[in-house]
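When the sequence shown is numbered by our numbering, its final residue is 184 and no position is left out of the sequence of numbers. Notes to accompany the following structure.
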Amino acid sequence: MDTLVLHVHASSNNTILSLTDANGRVIVNASGGTVGFKKAQRAGFEPAYQATVHIANAVREKAIPVNKVELRLKGFGAGRDAVFKAVHSVTNWAVCRVVDTTPVPFNGCRPKKARRL
Numbered sequence: 068m069d070t071l072v073l074h075v076h077a078s079s080n081n082t083i084l085s086l087t088d089a090n091g092r093v094i095v096n097a098s099g100g101t102v103g104f105k106k107a108q109r110a111g112f113e114p115a116y117q118a119t120v121h122i123a124n125a126v127r128e129k130a131i132p133v134n135k136v137e138l139r140l141k142g143f144g145a146g147r148d149a150v151f152k153a154v155h156s157v158t159n160w161a162v163c164r165v166v167d168t169t170p171v172p173f174n175g176c177r178p179k180k181a182r183r184l
């Protein structure tokens with residue numbers, strides 16, 4: 068496999084990571100909850116870092132050759148920076164592209180009526 072894609076969904080409650088191939092088939096996935104954090108602790112920097120380490124160890128155990136990785140970040144949680152730092156420090160994967168896939172509405176739904184007291 069030449070280029071794998073690491074999808075990062077960083078919400079305010081959890082950080083979910085999925086390592087897929089170029090076609091989108093999931094190879095390994097992890098989240099803040101699967102590495103042992105519960106409730107509100109899943110949203111921080113450390114759970115995202117630990118989930119990235121978990122994915123790196125799982126790839127190493129499965130003997131999957133990883134040359135280049137594309138990071139796809141989605142959301143504005145604290146796990147965005149943690150995953151990027153963990154990929155650089157824990158693994159020797161070459162990050163070829165970083166893409167932000169956070170959905171941005173172009174004048175989407177109508178906002179709620181203003182509350183009057």
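Beta carbons are placed, not taken as given, at the ideal position from N, Cα and C, and that holds for glycine.
So the candidates are the options; which of them puts its Cα closest to the Cα of residue i?
i      : options                        : result
Val126 : Ile94, His74, Val136, Cys176   : Ile94
Val22  : His76, Ala123, Lys179, Gly175  : Since the first residue of the chain shown is 68 and the last is 184, residue 22 is not available in this structure.
Leu59  : Ser78, Leu71, Ser98            : What the structure shows of the chain is the stretch from 68 to 184, and residue 59 is not part of that stretch, so it cannot be assessed.
Lys129 : Leu86, Val171, Phe173          : Leu86
Phe112 : Arg92, Gly91, Ile131, Asp148   : Asp148
Val88  : Lys106, Phe173, Lys180, Ile131 : According to the sequence shown, residue 88 is Asp rather than Val. Comparing Cα-Cα distances from Asp88 to each of Lys106, Phe173, Lys180, Ile131, the minimum goes to Ile131.
Tell me whether residue i sits in a helix, a strand or coil according to DSSP, three-state version.
i      : result
Asp167 : strand
Arg139 : strand
Asn134 : coil
Ser78  : coil
Ala118 : helix
Val95  : strand
Check the C-beta distance from residue i over to residue j and give it rounded, since I have them as a contact under 8 angstroms.
i      : j      : result
His74  : Arg164 : Not confirmed; about 13 angstroms, so no contact.
Val136 : Leu71  : 5 angstroms
Ala110 : Ser79  : 6 angstroms
Taking the Cβ atom as the reference point for each residue, do residue i and residue j lie within a distance shorter than 8 angstroms?
i      : j      : result
Asn81  : Gly100 : yes
Ala77  : Gly146 : yes
Thr119 : Lys141 : no
Val162 : Val154 : yes
Tell me residue i's beta-bridge partners as DSSP assigns them.
i      : result
Val162 : Val136
Thr101 : According to DSSP, Thr101 bridges with nothing at all.
Leu184 : DSSP, once it has assigned bridges, lists no residue as partnering Leu184.
Val72  : Thr87, Glu137
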